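Chemist: Chains as they are written, first to last, in our numbering: chain S, 16 to 348; chain B, 16 to 348.
Even glycine gets a Cβ: it sits at the ideal position worked out from N, Cα and C.
Since this is a predicted model, take the numbers as computed values, not measurements.
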């Protein structure tokens with residue numbers, strides 16, 4: 016088929032989501048956030064919002080059974096959805112599990128998948144209340160929906176970042192994609208199990224997100240699923256701002272530096288362009304930063320600042336040079 | 016791979032759903048209905064329940080682009096989920112649309128898909144508030160989630176059918192699967208467009224379901240998605256009862272009889288074993304039947320009655336003989 020200008024591969028996911036939000040305009044004044052954020056939010060009472068999110072995981076796109084077990088797959092499938100609720104400052108409550116499976120799959124596999132889901136669900140008091148199972152001839156497809164809630168005055172979204180705000184992240188970046196690179200390499204998996212584990216069983220930053228939301232200092236927040244290089248575009252687009260990111264300030268572990276060296280790849284391949292860290296990216300006005308950091312009981316790093324929209328998004332190296340950066344994971348790329 | 020006794024293909028979907036409900040036991044006293052019904056129900060206030068349902072549609076399993084357009088596919092994908100909310104007596108409110116697409120798909124296709132969704136969403140005042148898009152190398156996968164509500168005293172589920180209750184259905188049966196059979200045959204599609212349309216754009220029986228729920232006469236209800244032969248098992252299992260179904264009482268249109276003749280197939284291949292009618296199957300105590308039927312503004316048919324569990328499920332022909340019946344659609348079959 017000839018490549019023409021009206022294929023998905025020509026517009027990328029950001030543009031597609033933009034078009035979808037035009038095709039399905041909000042039609043109800045209880046909708047606080049519709050298409051385009053980590054989760055949708057709608058009013059259920061004067062001071063409470065419900066949150067609803069649903070994400071797909073497709074075999075050999077999002078996971079490979081050579082590198083994950085059924086238990087880990089269940090855990091991660093729920094984790095990426097809990098991360099979306101966390102990113103709004105919310106509390107996950109219920110989940111639906113949809114899974115399409117080839118009929119030659121063993122029952123043990125399915126039981127282990129649910130055990131992995133239960134392990135994480137139990138940790139965050141989430142109840143599995145339904146879903147759909149069906150057969151498919153080939154690749155496993157998972158689609159999980161999580162329903163949760165958030166106090167109306169604590170909701171955080173991709174909108175709201177203001178020019179002058181400070182840009183922060185939780186934890187360290189790049190470990191998940193480095194874990195995947197190790198799995199795809201000849202490096203000793205045992206030595207780097209910590210990074211591999213960040214890839215196959217990522218922890219949603221729920222407690223960190225609630226802490227940030229309750230501080231009432233943050234102006235915007237999202238979870239880093241596709242990598243900083245892709246995800247910063249989402250906050251900037253929704254908030255209609257630009258951003259400067261100081262590469263030297265990105266939080267990177269010694270183990271990641273070591274592995275990047277072993278793999279002969281730049282650290283920023285992982286910390287900027289690598290996805291699936293599920294750390295939180297958020298913004299805080301400069302006058303609230305000192306107070307926030309003094310009270311914040313979780314490691315956070317200042318990585319840059321919000322600029323006017325015409326500034327665009329710039330990654331700046333230690334010499335002050337603007338670095339043109341590899342993009343993060345692009346759907347339909 | 017050798018077929019062993021622990022494969023999905025050996026247990027079927029009913030048994031799988033049973034096992035899943037054991038793997039993920041309800042963990043919260045606000046949960047009114049968990050795994051195993053058309054939708055999950057949980058308490059959000061003293062007299063209101065929230066309903067949450069999510070269904071998958073996979074290319075070449077649930078639909079074939081040779082026989083449906085993008086618009087019709089969008090319409091049907093939402094319809095099957097609205098039908099699940101309707102089957103609980105509920106009101107659909109919000110939907111999330113997940114769709115995985117090959118990147119060579121045209122934008123026109125995606126826009127038409129959303130137009131089809133919007134057409135049905137508009138009809139029932141449902142708002143599309145989010146979802147997930149991603150790329151997949153081959154078959155399109157759709158997973159739609161619908162959130163709705165129902166008054167606590169109007170909730171209907173697959174549980175609740177009592178021995179002695181009368182079994183009823185709305186509308187006529189078998190037209191959707193006959194529509195599919197026409198598409199797969201050499202019959203003139205134009206002549207039988209009404210049946211084809213029931214297959215590619217099924218109407219959720221929302222108004223009928225609300226009418227049945229508000230009558231407060233019904234004891235159980237579900238939507239017919241996999242065919243009467245499969246779905247009656249679900250009500251019987253959840254209600255722990257058996258059932259007699261009188262084949263001569265099944266509501267069948269003249270057009271279906273005609274098409275069955277043209278295709279040289281028994282009418283009951285469609286009306287009993289054929290899926291995707293999305294009519295409602297429900298039960299009413301005999302002492303409430305006359306009053307219900309006198310007030311019921313929509314066509315319903317008595318098709319049988321509820322029996323003790325040890326009776327099992329029997330299909331009875333006009334001579335009073337017990338007919339061993341073709342099963343409906345079986346996942347993992």
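Compare the Cα-Cα distances from residue 181(B) to each of 52(B), 36(B), 313(B), 303(B) and report the closest residue.
Modeler: Position 166 of the second chain, counted from the first residue, corresponds to residue 181(B). Nearest of 52(B), 36(B), 313(B), 303(B) to residue 181(B), Cα basis: 303(B).
Chemist: In whole angstroms, give me the CA-to-CA distance for residue 363(B) and residue 199(S).
Modeler: Absent from the structure is residue 363(B), since the part of chain B shown begins at 16 and ends at 348.
Chemist: With C-beta atoms as the reference, is residue 166(B) less than 9 Å away from residue 62(B)?
Modeler: Working through the second chain from its first residue, we reach residue 166(B) at position 151. Working through the second chain from its first residue, we reach residue 62(B) at position 47. The answer is yes: Cβ separation under 9 Å.
Chemist: May I have the straight-line CA-CA distance separating residue 156(S) from residue 47(S), to the nearest angstrom?
Modeler: Along the first chain, read from residue 1 onward, the residue named residue 156(S) stands at position 141. Along the first chain, read from residue 1 onward, the residue named residue 47(S) stands at position 32. For residue 156(S) and residue 47(S), the distance between alpha carbons rounds to 30 Å.
Chemist: Measure the C-alpha to C-alpha separation of residue 123(B) and residue 70(S) and round it to an integer number of angstroms.
Modeler: In the second chain, the residue the question calls residue 123(B) occupies position 108. In the first chain, the residue the question calls residue 70(S) occupies position 55. Cα-Cα distance, rounded: 23 Å.
Chemist: So with CB distances below 9 Å, who are the chain S contacts of residue 106(B)?
Modeler: Here residue 106(B) is taken as the residue at index 91 of the second chain, counted from 1. The contacting residues do not exist; residue 106(B) stays about 13 Å from chain S at best.
Chemist: So which residues on chain S does residue 148(B) lean against when the C-beta distance must stay under 9 Å?
Modeler: Here residue 148(B) refers to the residue found at position 133 when the second chain is read from its first residue. The contacting residues are 23, 28, 31, 32, 35, 71, 346, 347.
Chemist: Helix, strand or coil for residue 149(S), going by three-state DSSP, please let me know.
Modeler: Indexing the first chain from 1 puts residue 149(S) at position 134. Strand at residue 149(S).
Chemist: In terms of residue numbering, what span does the alpha helix (DSSP H) encompassing residue 325(S) cover?
Modeler: Here residue 325(S) refers to the residue found at position 310 when the first chain is read from its first residue. No alpha helix (DSSP H) holds residue 325(S); DSSP gives it neither H nor E.
Chemist: Could you compute how far the alpha carbon of residue 151(B) sits from the alpha carbon of residue 119(B)?
Modeler: To locate residue 151(B), count along the second chain from 1; it is residue 136. To locate residue 119(B), count along the second chain from 1; it is residue 104. Cα to Cα, residue 151(B) sits roughly 10 Å from residue 119(B).
Chemist: Exposed or buried, residue 137(S), counting other C-beta atoms within 10 Å across all chains shown (16 or more means buried)?
Modeler: Walking along the first chain from the start, residue 137(S) turns up at place 122. By the 10 Å Cβ count, residue 137(S) comes out exposed.
Chemist: With distance defined between alpha-carbon atoms, name the residue in 274(S), 236(S), 285(S) nearest to residue 177(S).
Modeler: Here residue 177(S) refers to the residue found at position 162 when the first chain is read from its first residue. Measuring from the Cα of residue 177(S), the nearest candidate turns out to be 236(S).
Chemist: Out of 262(B), 55(B), 224(B), which has the shortest C-alpha to C-alpha gap to residue 232(B)?
Modeler: Position 217 of the second chain, counted from the first residue, corresponds to residue 232(B). It is 224(B).
Chemist: Which same chain residues end up closer than 8 Å to residue 139(B) when comparing Cβ atoms and leaving out the 5 residues on each side of it in sequence?
Modeler: Position 124 of the second chain, counting from 1, holds the residue named residue 139(B). Hits under 8 Å: 97, 107, 219, 221.
Chemist: When DSSP labels each residue in this structure, what does residue 334(B) get in the three-state scheme?
Modeler: Reading the second chain from its first residue, position 319 is the one you call residue 334(B). DSSP places residue 334(B) in coil when its eight states are reduced to three.
Chemist: Taking just the CA atoms, how far does residue 238(S) sit from residue 67(S)?
Modeler: The residue you call residue 67(S) lines up with position 52 of the first chain. The residue you call residue 238(S) lines up with position 223 of the first chain. For residue 67(S) and residue 238(S), the distance between alpha carbons rounds to 15 Å.
Chemist: Using a Cβ-Cβ cutoff of less than 7 Å, which residues in the same chain neighbour residue 350(B) once the five nearest sequence positions on both sides are dropped?
Modeler: As displayed, chain B neither begins before 16 nor continues past 348, which places residue 350(B) out of reach and without an answer.
Chemist: By the three-class DSSP mapping on this structure, what secondary structure does residue 109(S) have?
Modeler: For the purposes of this step, residue 109(S) is taken as the residue at position 94 of the first chain. Residue state, collapsed to three classes: strand.
Chemist: Consider the Cβ of residue 55(B): report whether some Cβ of chain S lies at a distance smaller than 9 Å.
Modeler: For the purposes of this step, residue 55(B) is taken as the residue at position 40 of the second chain. Answer yes: the Cβ-Cβ gap between residue 55(B) and chain S drops below 9 Å somewhere.
Chemist: Please classify residue 234(B): is it buried, with 16 or more other beta-carbons within 10 angstroms of its beta-carbon, or exposed?
Modeler: Numbered from its first residue, the second chain carries residue 234(B) at position 219. Buried, by the Cβ-count rule.
Chemist: Would residue 287(S) and residue 243(S) qualify as a contact pair, given that the criterion is a beta-carbon distance under 9 Å?
Modeler: Working through the first chain from its first residue, we reach residue 287(S) at position 272. Working through the first chain from its first residue, we reach residue 243(S) at position 228. Against a cut-off of 9 Å, the Cβ pair of residue 243(S) and residue 287(S) comes out as a contact.
Chemist: Does any residue of chain B bring its CB to less than 9 Å from the CB of residue 173(S)?
Modeler: The residue you call residue 173(S) lines up with position 158 of the first chain. No, its Cβ sits nowhere closer than 9 Å to a Cβ of chain B.
Chemist: Below 8 Å on the Cβ atoms is my guess for residue 192(B) versus residue 291(B); work out the distance and round it to an integer in Å.
Modeler: Sequence index remark: in the second chain, residue 192(B) carries index 177 (1-based). Sequence index remark: in the second chain, residue 291(B) carries index 276 (1-based). With 8 Å as the limit, residue 192(B) and residue 291(B) qualify as a contact, their Cβ atoms being about 6 Å apart.
Chemist: Relative to the alpha-carbon of residue 249(B), which residue among 186(B), 297(B), 73(B) has its alpha-carbon at the smallest distance?
Modeler: As a working mapping, residue 249(B) is identified with position 234 in the second chain. It is 297(B) whose Cα lies nearest to the Cα of residue 249(B).
Chemist: Note down, in chain order, every chain B residue with its Cβ under 7 Å from the Cβ of residue 242(S).
Modeler: Within the first chain, numbered from 1, the residue matching residue 242(S) stands at position 227. Neighbours of residue 242(S) on chain B: none; closest Cβ ~15 Å, over 7 Å.
Chemist: For residue 9(B), return the contacting residues in chain S, with the cut-off set at a CB-CB distance below 7 Å.
Modeler: For chain B, the structure presents residues 16 to 348; residue 9(B) sits outside this window and is missing.
Chemist: Rounding to the nearest angstrom, what Cα-Cα distance links residue 18(B) and residue 116(S) in this structure?
Modeler: On the second chain, position 3 is the one that residue 18(B) refers to. On the first chain, position 101 is the one that residue 116(S) refers to. Below a pLDDT of 50, predicted positions are generally treated as unreliable, and residue 18(B), at 40, falls in that range; the measurement from the model is reported next regardless. One C-alpha to the other measures close to 16 Å.
Chemist: Around the Cβ of residue 246(S), are there at least 16 other Cβ atoms within 10 angstroms (buried) or fewer (exposed)?
Modeler: On the first chain, position 231 is the one that residue 246(S) refers to. Under this definition residue 246(S) is a buried residue.
Chemist: Let's test the definition: count the other Cβ atoms within 10 Å of the Cβ of residue 327(S) and tell me whether it reaches 16, buried, or not, exposed.
Modeler: Within the first chain, numbered from 1, the residue matching residue 327(S) stands at position 312. Result: exposed.
Chemist: Could you give the distance in angstroms between the alpha-carbon of residue 76(S) and the alpha-carbon of residue 60(S)?
Modeler: Here residue 76(S) is taken as the residue at index 61 of the first chain, counted from 1. Here residue 60(S) is taken as the residue at index 45 of the first chain, counted from 1. Near 39 Å, if we compare the C-alpha coordinates of residue 60(S) and residue 76(S).
Chemist: Please specify which runs of the alpha helix (DSSP H), each continuous and at least 4 residues long, are wholly inside the region 59-122 of chain B, giving them in chain order.
Modeler: Here the runs fully enclosed are 85-101.
Chemist: Is DSSP giving residue 264(S) helix, strand or coil here?
Modeler: The count along the first chain starts at 1 and reaches residue 264(S) at position 249. Residue 264(S): helix per DSSP, three-state reduction.
Chemist: Roughly how many whole angstroms lie between the Cα atoms of residue 8(S) and residue 56(S)?
Modeler: Residue numbering for chain S in the displayed model covers 16 to 348; residue 8(S) lies beyond these limits and cannot be assessed.
Chemist: Tell me whether the beta-carbon of residue 335(S) lies closer than 9 Å to the beta-carbon of residue 267(S).
Modeler: Residue numbering aside, residue 335(S) sits at position 320 when the first chain is read from its first letter. Residue numbering aside, residue 267(S) sits at position 252 when the first chain is read from its first letter. No, the Cβ-Cβ distance between residue 335(S) and residue 267(S) is not below 9 Å.
Chemist: Please classify residue 83(B) as buried or exposed, where buried requires at least 16 neighbouring CB atoms within 10 angstroms.
Modeler: The sequence position of residue 83(B) within the second chain is 68, counting from 1. Label assigned to residue 83(B): buried.
Chemist: Nearest CA to the CA of residue 196(S): which residue from 135(S), 280(S), 333(S), 163(S)?
Modeler: Within the first chain, the letter at position 181 stands for residue 196(S). Here the closest residue by C-alpha is 280(S).
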